[in-house]
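Residues in the sequence shown are numbered consecutively from 95, following my numbering. Here a beta-carbon is modelled for each residue, glycine too, at the ideal position from N, C-alpha and C. It should be emphasised that the depicted structure is a prediction, and the values quoted were computed from it without experimental measurement.
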Amino acid sequence: MMQGNYNRQAVYSTRRKRRRRREILRRIKICLLTFVVTAAVVCATVFIFGLIKGQQYDEGFIPSPYGSNVSERVEKAEELEIPDWIDVQLIHPHNTARSEIRLTDIKNIVIHYVGNPDTTAQNNRDYFDKESTTVSSHFIVGLDGEIIQCLPLYEKSAASNHRNKDTISIEVCHPDETGKFSGETYRSVVKLAAWLCYEFDLDEKDVIRHYDITEKICPKYYVEHEDKWVELKNDIENEIALLKKK
Ligand SMILES: [Zn+2]
95 MMQGNYNRQA VYSTRRKRRR RREILRRIKI CLLTFVVTAA VVCATVFIFG
145 LIKGQQYDEG FIPSPYGSNV SERVEKAEEL EIPDWIDVQL IHPHNTARSE
195 IRLTDIKNIV IHYVGNPDTT AQNNRDYFDK ESTTVSSHFI VGLDGEIIQC
245 LPLYEKSAAS NHRNKDTISI EVCHPDETGK FSGETYRSVV KLAAWLCYEF
295 DLDEKDVIRH YDITEKICPK YYVEHEDKWV ELKNDIENEI ALLKKK
């Protein structure tokens, strides 16, 4: 009788142990499954978030890239050393004048005229820097051929409408209402545009007028005198060729 009780107890104990082992295994499986599902949800969220951010970046809405479609030219613009014939006076970040939004690409160099006769490059740069100003350009070429840089090359300017996102802008000073550039100013425009083309692997055909984007009469003299515009581009072409020979 005692022996029978003992055997039954032993059987019960073994079953209890098995049941407990099965229960532990079941819990481990649930834990693993929960972990895998959570990890999958987190990964999917991060991926979708990255896609949305990438999209916004592509459209130039947000300043920082999330590894999507970062143009090689913009990457180069971050590292490019600015030559000493350019006077770097970056304006402070404020509204659209310096939004600190990165360019999506550098496809064209856009030439403008300031439209305010006899103002200097410094006058125009200081105007861009004003708290209330909403316009800007990367460069201003002055009446004596001086060149001021107002924005980093990889940031968006506010000069060329819907093409601000993928262009570098050059505003040019002029002595009078005709909008014609002085000799020194002209030479600096050629030098600057050629240098930008050379560094970003563009050619003179990629140098355009504000007019070519919106049909605004800008730069006035070079819209009203198509032959002078062609001449300016030829001079840029020759200057690029010289840089390539060096
Ligand atoms: Zn313009």
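Can you name the start and end residues of the alpha helix (DSSP H) that residue i belongs to?
i: residue 282; result: 277 to 293
i: residue 168; result: 166 to 173
i: residue 334; result: 320 to 339
Just curious, the beta strand (DSSP E) that residue i is in, first and last residue?
i: residue 303; result: 301 to 303
i: residue 186; result: Unbroken run through residue 186: none, as it is neither H nor E.
i: residue 180; result: Run containing residue 180: none; DSSP gives neither H nor E here.
i: residue 205; result: 202 to 207
Of all the options the options, which has the alpha carbon lying nearest to the alpha carbon of residue i?
i: residue 264; options: 293, 296, 270, 301; result: 301
i: residue 290; options: 261, 186, 306, 314; result: 261
i: residue 171; options: 299, 232, 334; result: 232
i: residue 275; options: 212, 187, 216, 101; result: 212
i: residue 314; options: 193, 207, 121, 297; result: 207
i: residue 248; options: 198, 288, 256, 280; result: 198
i: residue 240; options: 296, 293, 177; result: 177
i: residue 285; options: 179, 121, 110; result: 179
i: residue 254; options: 115, 310, 119, 114; result: 310
i: residue 193; options: 164, 225, 166; result: 225
i: residue 334; options: 308, 298, 321; result: 298
i: residue 337; options: 296, 279, 245; result: 296
i: residue 328; options: 244, 256, 308, 280; result: 280
i: residue 195; options: 270, 271, 245; result: 245
i: residue 189; options: 220, 230, 166, 173; result: 230
i: residue 303; options: 266, 236, 117; result: 266
i: residue 283; options: 321, 325, 115; result: 325
i: residue 237; options: 132, 217, 278, 191; result: 278
i: residue 185; options: 205, 201, 217; result: 217
i: residue 306; options: 101, 205, 126, 133; result: 205
i: residue 256; options: 219, 308, 223, 270; result: 308
Who are the Cβ neighbours of residue i in its own chain at under 7 angstroms, not counting the five residues just before and after it?
i: residue 258; result: 250, 251, 252
i: residue 221; result: 227
i: residue 214; result: 236, 237, 267
Enumerate in chain order the residues of its own chain whose CB-to-CB distance from residue i is below 6 angstroms, with the five nearest sequence positions on each side excluded.
i: residue 168; result: 197, 248
i: residue 287; result: 203, 301, 330
i: residue 243; result: 180, 182, 233
i: residue 165; result: 199
Residues in the same chain with beta-carbon distance under 8 angstroms from residue i, minus the five sequence neighbours each way, listed in chain order, please.
i: residue 209; result: 273, 312, 314
i: residue 174; result: 247, 293
i: residue 323; result: 303, 316, 317
i: residue 115; result: none
*asked:* As an exercise, report each continuous beta strand (DSSP E) stretch of at least 3 residues that is fully enclosed by the region 209 to 288, in chain order.
replied: 233 to 235, 241 to 243, 261 to 266
_Shell residues, 5 angstroms Cβ cut-off relative to heavy atoms of ligand 1_ = 206, 304, 312
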